[in-house]
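K.L.:
One structure is given below, represented as structure tokens, and several questions about it will come after.
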Ligand SMILES: *Cc1c(COP(=O)(O)O)cnc(C)c1O
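As structure tokens, this is what we get:
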């Protein structure tokens, strides 16, 4: 497999192609498959070899060869090459879910006795998985601060991994990735970030020195609410380690059909994100004028130091936001959500369709208090419907409370 020409394209930041062109063309060679413009779904479990010597050579270095689809599949590989190039990394491996990608990081880089430093509000199931790892004698500290001196104090001699999410879950608070990466490097700590909110288009964590960028491709990258997938992007060296154990042996790998759906979803990511961003701006403008809204959480509204972090890291905004109702109660939250017609009630986000959800289930007030989450918090994922219809729907739901 000859990847040298492609490598040279992504060697330094200056020689990168633009994101849109990477998405349209990079990592593909239609002459390998009859000139077909759409790459084929190589729906096979195994690959056969011409002779036994060739097979033995390939099996000694499976990560560079097509041997078995639990290792490298050509359809999935096209998607992986594009993501690696978009994130300015050397390589990418895909998983059958975002959680598969996240757990691969823990499984590869942690051992009994290690400590993980979590910074910011992270995706709930990732937090739950980390707590579960305590049974393997892995300890976890969570710090919800951007203050480097506080983070520095939380570092222990056995801290192995700094796990970040920025913008963070629910409140979208941002971290100075450059400073965090430098601090971690000084202490020999691997840094990983969940970059799902920003998509590979709007934030490039590896440019700031972060070691590993993680995506739930289930969200914007897939974009059509029809595929579950995850990805990790990093250096050749770290991806090699992830490949051997957490990818191949844990086995939560991406199937060829899902890989193909993701290539197809990725094709339109730049134009979809433009529309998500525009629709979201209109919705935020509307919410800002609404007297039943206490506050709105979205990085586009940040001011002061937080705005500086936005300007430093983000080249655009996605469509997941939250807002808080004035004088909140569960009844108000429920009425508002049930009154919405265009917004579907459901988990996940980043698809073509608008979604609504609240962390307030009417039975978990104590948990909300402990996590400092308002009882009136409502999360919206702004889809690709006409923004006027979305605003009209929100307006009539506000009228009902
Ligand atoms: C959905 C999500 C994940 C997990 O991805 P799955 O594909 O559902 O496993 C991880 N991080 C964030 C921020 C997410 O929103």
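In the UniProt record's numbering, the protein residues as written are 1 to 401. Ideal Cβ positions, reconstructed from N, Cα and C, are used throughout, including at glycine. Only a predicted model underlies this, so the values are computations on that prediction, with no experimental measurement involved.
Under the DSSP definition of a beta bridge, which residues are partnered with residue 333?
P.N.:
In DSSP, residue 333 forms no bridge with anything.
K.L.:
By DSSP, does residue 70 sit in helix, in strand, or in coil?
P.N.:
DSSP places residue 70 in coil when its eight states are reduced to three.
K.L.:
Identify whether residue 98 lies in helix, strand or coil by the three-state DSSP scheme.
P.N.:
The answer is helix: DSSP assigns residue 98 an H, G or I state.
K.L.:
Alpha carbon to alpha carbon, how far is residue 34 from residue 3? Give it in angstroms, no decimals.
P.N.:
Note that residue 3 has pLDDT 40, beneath the 50 cutoff, so the model's placement of it is unreliable and no number is given.
K.L.:
Does the distance between the C-beta of residue 123 and the nearest non-hydrogen atom of ligand 1 fall short of 7 Å?
P.N.:
Yes, ligand 1 has a heavy atom inside 7 Å of this Cβ.
K.L.:
Below 8 Å on the Cβ atoms is my guess for residue 214 versus residue 232; work out the distance and round it to an integer in Å.
P.N.:
Sure, about 5 Å apart at Cβ, within 8 Å.
K.L.:
With DSSP collapsed to three states, give me the class of residue 163.
P.N.:
Reduced to three states, the DSSP call for residue 163 is strand.
K.L.:
What does residue 92 pair with, by DSSP beta-bridge criteria?
P.N.:
Note: residue 92 sits in a beta bridge opposite 233.
K.L.:
Measuring straight from C-alpha to C-alpha, what distance separates residue 239 and residue 115?
P.N.:
Roughly 21 Å separates the two Cα atoms.
K.L.:
What distance in whole Å lies between the Cβ atoms of residue 321 and residue 296, which are believed to be in contact at a cut-off of 8 Å?
P.N.:
The pair is a contact, with the Cβ atoms about 7 Å apart (cut-off 8 Å).
K.L.:
Tell me whether residue 230, by its Cβ, gets closer than 7 Å to a heavy atom of ligand 1.
P.N.:
Correct: residue 230 has its Cβ closer than 7 Å to ligand 1.
K.L.:
Taking the alpha-carbon positions, what's the residue 41 to residue 260 distance?
P.N.:
Answer to the nearest angstrom: the Cα atoms are 6 Å apart.
K.L.:
Let me know the secondary structure DSSP gives residue 191 once reduced to three states.
P.N.:
Strand, per DSSP.
K.L.:
Would you tell me roughly how many angstroms separate the C-alpha atoms of residue 135 and residue 106, rounded to the nearest one?
P.N.:
Answer to the nearest angstrom: the Cα atoms are 13 Å apart.
K.L.:
Distance check for residue 328 and residue 255, CA to CA, integer angstroms please.
P.N.:
Going from the Cα of residue 255 to the Cα of residue 328 covers about 44 Å.
K.L.:
Using the beta-carbon count (16 or more within 10 Å), is residue 77 buried or exposed?
P.N.:
Its Cβ being crowded by 16 or more others within 10 Å, residue 77 is buried.
K.L.:
Between the C-alpha atoms of residue 272 and residue 183, what's the straight-line distance to the nearest angstrom?
P.N.:
In a straight line, the C-alpha of residue 272 is about 36 Å away from that of residue 183.
K.L.:
Are there 16 or more other CB atoms within 10 angstroms of the CB of residue 335, so buried, or fewer, so exposed?
P.N.:
Exposed: under 16 other Cβ atoms inside 10 Å.
K.L.:
Have a look at residue 216 and residue 58 and give me their C-alpha separation to the nearest angstrom.
P.N.:
When rounded, the distance between both Cα atoms is 30 Å.
K.L.:
Counting Cβ pairs closer than 8 Å, one from the segment 346-364 and one from the segment 372-379, do we hit at least three?
P.N.:
The segment 346-364, when compared against the segment 372-379, does touch it at the 8 Å Cβ threshold.
K.L.:
What does a CB cutoff of less than 8 Å around residue 137 pick up in its chain, not counting 5 residues either side in sequence?
P.N.:
Once the five neighbours on either side are set aside, the close Cβ partners of residue 137 are 112 and 113.
K.L.:
Across the segment 275-288 and the segment 381-388, are there enough close Cβ pairs to call them in contact, namely three or more that are closer than 8 Å?
P.N.:
Taking 8 Å as the limit for Cβ pairs, the verdict is that the segment 381-388 does touch the segment 275-288.
K.L.:
By Cβ distance below 7 Å, which residues in the same chain neighbour residue 251 in space, the five residues on each side in sequence not counted?
P.N.:
Cβ within range, chain order: 70.
K.L.:
Rounding to the nearest angstrom, what Cα-Cα distance links residue 50 and residue 187 in this structure?
P.N.:
Answer to the nearest angstrom: the Cα atoms are 49 Å apart.
K.L.:
Comparing the CB of residue 154 with every heavy atom of ligand 1, is any distance shorter than 7 Å?
P.N.:
Outside the cutoff, so no.
K.L.:
In or out: residue 157 buried (at least 16 other Cβ within 10 Å) or exposed?
P.N.:
Residue 157 should be labelled exposed.
K.L.:
Within 10 angstroms of its Cβ, does residue 285 collect 16 or more other Cβ (buried), or is it exposed?
P.N.:
Counting Cβ neighbours within 10 Å, residue 285 comes out exposed, since fewer than 16 surround it.
K.L.:
In terms of residues, what are the limits of the beta strand (DSSP E) holding residue 216?
P.N.:
Residue 216 -> beta strand (DSSP E) spans 212-216.
K.L.:
Candidates 189, 228 and 173: which alpha carbon is nearest residue 155's?
P.N.:
When each option's Cα is compared against that of residue 155, the closest is 189.
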